[in-house]
Amino acid sequence: MAFGLVVAWFPKTWEMWNMPIQAIDAPSHYYFIRKLLRDGLSVAFELNPNDSFYPPLFHLMVYCLIKVAGFFGCTVNIFTGLNLVWIFASGLLFPAGMLLWCSYFFSDLPRHYRAVLSVIVPILSVASAAHPYWMLDAGPLIAYGLATSLLPFLLYAGLRLIDALTIPAQRSKRNVLFWGLVNLALGLIVLLAHPRIAFTYLVFMAFFIILKMPLKFIASAAVCGCVAVVCFAFYVMHRDHGKDYLHPSRWFHTFRPTRGVMESVCVVMTDYLPGVAGWIMAACICVALVTSLLLSGSRFKDGLSLVLSFLLTGIVFVCSAALQGPIANILTAAWYRGETRPLTMIPLAIVPLLSFACRCLILAAGSHTRQKTGNGYACNRYWAWPVLVVLLVLALLGNLLNPVRHDVSKLAEDNTSLKKVDQREQLTEDKFQALTRIRDVVEPDALIISDPLNGSMYGMTLYGLNMLYPVYNPMDSKNGKVFSQVEQAFGSGDSSRFKTTLCSAESSYVSRGRERSKREHTYFLTMGPQSPSLELFTYKDQYYPFHDSNLIEQYEQRGDMARVVDFGNAEKHGEEWVLYRLNCS
Numbered sequence: 000m001a002f003g004l005v006v007a008w009f010p011k012t013w014e015m016w017n018m019p020i021q022a023i024d025a026p027s028h029y030y031f032i033r034k035l036l037r038d039g040l041s042v043a044f045e046l047n048p049n050d051s052f053y054p055p056l057f058h059l060m061v062y063c064l065i066k067v068a069g070f071f072g073c074t075v076n077i078f079t080g081l082n083l084v085w086i087f088a089s090g091l092l093f094p095a096g097m098l099l100w101c102s103y104f105f106s107d108l109p110r111h112y113r114a115v116l117s118v119i120v121p122i123l124s125v126a127s128a129a130h131p132y133w134m135l136d137a138g139p140l141i142a143y144g145l146a147t148s149l150l151p152f153l154l155y156a157g158l159r160l161i162d163a164l165t166i167p168a169q170r171s172k173r174n175v176l177f178w179g180l181v182n183l184a185l186g187l188i189v190l191l192a193h194p195r196i197a198f199t200y201l202v203f204m205a206f207f208i209i210l211k212m213p214l215k216f217i218a219s220a221a222v223c224g225c226v227a228v229v230c231f232a233f234y235v236m237h238r239d240h241g242k243d244y245l246h247p248s249r250w251f252h253t254f255r256p257t258r259g260v261m262e263s264v265c266v267v268m269t270d271y272l273p274g275v276a277g278w279i280m281a282a283c284i285c286v287a288l289v290t291s292l293l294l295s296g297s298r299f300k301d302g303l304s305l306v307l308s309f310l311l312t313g314i315v316f317v318c319s320a321a322l323q324g325p326i327a328n329i330l331t332a333a334w335y336r337g338e339t340r341p342l343t344m345i346p347l348a349i350v351p352l353l354s355f356a357c358r359c360l361i362l363a364a365g366s367h368t369r370q371k372t373g374n375g376y377a378c379n380r381y382w383a384w385p386v387l388v389v390l391l392v393l394a395l396l397g398n399l400l401n402p403v404r405h406d407v408s409k410l411a412e413d414n415t416s417l418k419k420v421d422q423r424e425q426l427t428e429d430k431f432q433a434l435t436r437i438r439d440v441v442e443p444d445a446l447i448i449s450d451p452l453n454g455s456m457y458g459m460t461l462y463g464l465n466m467l468y469p470v471y472n473p474m475d476s477k478n479g480k481v482f483s484q485v486e487q488a489f490g491s492g493d494s495s496r497f498k499t500t501l502c503s504a505e506s507s508y509v510s511r512g513r514e515r516s517k518r519e520h521t522y523f524l525t526m527g528p529q530s531p532s533l534e535l536f537t538y539k540d541q542y543y544p545f546h547d548s549n550l551i552e553q554y555e556q557r558g559d560m561a562r563v564v565d566f567g568n569a570e571k572h573g574e575e576w577v578l579y580r581l582n583c584s
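For what it's worth, numbering that gives the first Met the number 0 labels the leading residue of the sequence shown as 0, then goes sequentially.
Right under this line is the structure:
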C-alpha cells in the first residue's frame with residue numbers, strides 16, 4: 000500500500016521520464032551515472048569531476064538497472080533509471096525499514112494489535128511530504144534521500160545489538176557476533192549511500208546508547224564519536240580550504256532563515272502535514288510525549304530515548320530553518336546548514352514515537368484484565384482499538400488530503416519541463432535545441448568549455464557531451480585544478496596562455512585509458528547569462544570571465560578561436576549564443 004501511494008504521487012508526464020530534473024544537484028547525479036556507464040565500476044569511488052569521492056550507492060543501483068535491462072534487450076535511459084530506483088527506495092525500502100524499526104517498539108503487544116500496526120506504520124511513514132517526496136525536488140538530494148530511506152534498517156539493528164549486550168536473556172557470544180556483523184554490513188551500506196547520514200544516526204541512537212548501555216560502552220562510543228568528528232573536521236578543512244573554521248559565526252555567511260521560529264516548531268509538531276491532518280498529528284504527538292514517559296512501564300528508557308530524540312530533532316530543524324549565530328551553525332553544520340536535510344528527520348522521529356505511545360496506551364487500557372502468557376500480554380479491553388483508529392485516520396488523511404505533497408509533485412514535474420517563463424533559466428526549449436545541435440556538430444570526446452550556470456552542463460546530462468564543467472560546482476582539489484587554471488587563463492587576455500591552457504585541458508569524463516587525439520577539438524560555448532535559479536551559488540563569480548564580450552571578441556579577432564555555430568542574437572536571449580572552436584594548432 001505504501002508503494003502504491005508513492006507510485007500514485009510520482010509525476011506522470013513524458014518529460015519526467017525522459018528529460019532531466021532541472022535543479023541544483025541534478026546534473027551531478029546524471030553525470031555520475033554517465034561516468035559509471037562510460038568507464039565502468041572502476042570509477043565508483045571517484046565520481047566527482049575532480050575524480051574525488053562521492054557516495055556512489057544510488058548511482059551504482061541505476062547503473063546496474065540499466066545494465067541488467069540491456070542484458071535482456073531493454074533500453075532504459077538514465078532519467079527513467081533514476082526515477083525507478085528512487086521509487087524503489089522510497090516506496091519499498093523506506094516504509095519497510097520504518098516498519099522493521101517501529102516493530103521493535105510494539106513487539107510486546109498481542110499479535111492482532113501488532114498486525115494492525117504493521118499495516119498503519121508503512122502508510123503513516125509515507126504520509127508526510129518531508130520524506131521521501133521532498134528529496135526529489137530539493138536539489139534533488141538523491142544520495143542523501145537513499146541513505147535516509149536505508150537508515151531505519153541500521154537503527155533497528157543497532158537496538159538489537161544493544162539488547163544483545165545488555166539483556167541477560169539475549170546475551171550470548173553468538174547473538175552479539177551476529178548483530179555486530181549485521182550492524183557493520185548495514186553501516187557500510189548506509190555510508191556508501193551518504194556518509195553524512197551518520198550524524199542523523201547519532202540523533203536517533205545517542206540516547207539509547209547513553210540510557211541503556213553500561214558506562215564502559217558509553218565511554219567507548221564517545222571516543223569513537225570524537226575520532227569520527229576529528230576525521231570529519233579534517234576532511235572538510237582539506238576539501239574546503241581557506242575558510243575560518245575557528246570562528247563558527249563566520250562559517251555560513253550566506254545563510255538566511257527560511258522560516259520563522261513558530262512556523263518551524265509547527266512543522267516539527269505536525270510532521271509537515273497541513274490542515275486537519277496537521278492538527279490531529281500535533282495532538283497525537285503531545286499525547287505520545289506524555290504517554291511514552293508516564294505509561295512506558297518497564298520500557299521507560301525506550302520511551303525517554305524516543306522523546307529526547309524527537310526533541311533533539313526539533314532543535315536541529317528549528318536551528319536549520321529559523322536561527323542564526325555560532326550555536327546554530329555548529330548544530331546544523333553536519334547537514335549543510337539548511338532546513339532541507341533536517342526536514343527528512345522529522346518522520347523518523349515521529350512515527351516510532353507514535354508507535355511506542357500506541358503500545359503504551361493499548362497495554363494501559365487493559366492493565367487490570369491483562370494476563371501474562373507465553374507470547375507476552377493478552378489485552379482484553381476493546382476500547383483500546385480507538386487508539387489504532389485515530390492513527391489509521393491520521394495516516395489516511397496525510398496521504399489523501401495533503402496539498403503540500405501535491406505541490407512538491409507539481410514542482411518536480413515543472414522542473415522537467417522545457418517551457419519556462421524566464422528564458423534565462425537552466426534548460427529551455429531554445430537551450431535544448433542548441434545543445435542538440437552541438438551534439439551533432441562536435442567530435443566524440445571533444446572538450447566544450449562554458450559557464451555551467453547558464454545551463455550548458457545539461458549537454459552532458461542529455462547527450463554525454465564532454466563538458467569541462469559537467470556540474471555547477473567542480474572542486475579544485477585532486478585533478479580538479481584544471482578548472483581554476485582554465486578560468487584564470489581565459490580571463491588573462493593572453494593568447495599564448497589561453498591556447499596553451501585551454502587546448503591541453505582534460506575533463507575527467509574522458510574514458511579511462513584513452514588519450515584525446517590531436518584531431519579532436521576544444522570548443523568554447525556562450526549560451527546566455529547565468530540562470531536566476533542558480534544565482535545563490537556562492538562561487539558564481541569564478542565563471543564571470545566566460546561572459547566578458549570584449550574578451551571573447553578579442554580572442555576571436557586574434558584568431559585564437561573561430562565561430563562554428565551562431566545560435567541567436569542578444570535581443571532574444573540577453574546575451575549572444577555562439578559555439579567557437581579553439582585554434583589549437
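We put the beta carbon where it would ideally sit given N, CA and C, even for glycine.
Computed from a predicted structure; not experimentally measured.
Among residues of its own chain, excluding the 5 on either side of residue i, which ones have a beta-carbon nearer than 7 Å to its beta-carbon?
i           : result
residue 528 : 423, 453, 546, 573 and 574
residue 356 : 286, 287, 290 and 291
residue 478 : 49, 50 and 507
residue 403 : 128, 271 and 273
residue 191 : 54, 55 and 56
residue 94  : 1, 121, 124 and 125
Leaving out five residues on either side along the sequence, give the residues of the same chain with a beta carbon under 6 Å from the beta carbon of residue i.
i           : result
residue 88  : 145 and 148
residue 387 : 115
residue 541 : 486
residue 327 : 318
residue 176 : none
Cα separation between residue i and residue j?
i           : j           : result
residue 3   : residue 90  : 7 Å
residue 216 : residue 173 : 19 Å
residue 57  : residue 65  : 13 Å
residue 199 : residue 44  : 23 Å
residue 182 : residue 164 : 13 Å
residue 250 : residue 315 : 17 Å
residue 448 : residue 476 : 19 Å
residue 26  : residue 472 : 10 Å
residue 141 : residue 28  : 8 Å
residue 185 : residue 439 : 45 Å
residue 520 : residue 446 : 7 Å
residue 525 : residue 130 : 38 Å
residue 412 : residue 134 : 14 Å
residue 180 : residue 160 : 10 Å
residue 460 : residue 32  : 9 Å
residue 306 : residue 187 : 28 Å
residue 553 : residue 458 : 26 Å
residue 410 : residue 496 : 44 Å
residue 283 : residue 421 : 44 Å
residue 269 : residue 342 : 12 Å
residue 534 : residue 229 : 33 Å
residue 406 : residue 212 : 44 Å
residue 112 : residue 401 : 27 Å
residue 442 : residue 333 : 43 Å
Round the Cβ separation of residue i and residue j to the nearest angstrom and send it over; I've been treating them as touching at under 8 Å.
i           : j           : result
residue 301 : residue 104 : 7 Å
residue 34  : residue 508 : 6 Å
residue 465 : residue 493 : About 25 Å separates the two Cβ atoms, so there is no contact after all.
residue 396 : residue 267 : Not quite, the Cβ-Cβ distance comes to about 18 Å (not below 8 Å), so this is no contact.
residue 178 : residue 156 : 6 Å
residue 138 : residue 38  : So it is not a contact: roughly 25 Å between Cβ atoms.
residue 582 : residue 565 : Not quite, the Cβ-Cβ distance comes to about 18 Å (not below 8 Å), so this is no contact.
So, at 8 Å on beta carbons, what are the nonlocal neighbours of residue i in its own chain, with the 5 sequence-adjacent residues on each side left out?
i           : result
residue 17  : 76, 78 and 79
residue 372 : Residue confidence is low: residue 372 scores 48 on pLDDT, short of 50, so the model does not pin down where it sits. No coordinate-derived value is stated.
residue 255 : none
Considering only heavy atoms of the ligand SAH, does any lie closer than 7 Å to the CB of residue i?
i           : result
residue 197 : Questions concerning the ligand SAH fall outside what the structure shown contains, since it holds no ligand whatsoever.
Within 8 Å (strictly less), CB to CB, does residue i reach chain D?
i           : result
residue 487 : Of the chains in the structure shown, none is chain D; there is only one protein chain.
Q) Which ranges would you report for the alpha helix (DSSP H) in the region 128-191 if only whole runs of at least 4 residues count? A) 132-136 and 141-165
Q: Kindly provide the ranges of any alpha helix (DSSP H) runs that are 4 or more residues long and lie completely inside the region 433-480, ordered along the chain.
A: 457-462
Q: Write down every uninterrupted run of the alpha helix (DSSP H) in the region 216-281 whose length is 4 residues or greater and which is fully enclosed by it, in chain order.
A: 260-269
Q) Can you list, in chain order, the stretches of the beta strand (DSSP E) that have 3 or more residues and sit fully within the region 47-95? A) none
Q.
Can you confirm whether the region 332-352 touches the region 187-206 when touching is taken to mean that 3 or more C-beta pairs between the two stretches lie within less than 8 Å?
A. yes
(Q) With three or more beta-carbon pairs closer than 8 Å as the criterion, would you say the region 273-282 touches the region 292-299? (A) no
Q. Which ranges would you report for the alpha helix (DSSP H) in the region 307-333 if only whole runs of at least 4 residues count?
A. 325-331
Q) In chain order, which continuous runs of the alpha helix (DSSP H) of length 4 or greater are located wholly inside the region 10-50? A) 13-17 and 25-38
Q. Which whole runs of the alpha helix (DSSP H) in the region 508-584 are 4 residues long or more, in chain order?
A. 548-557 and 569-572
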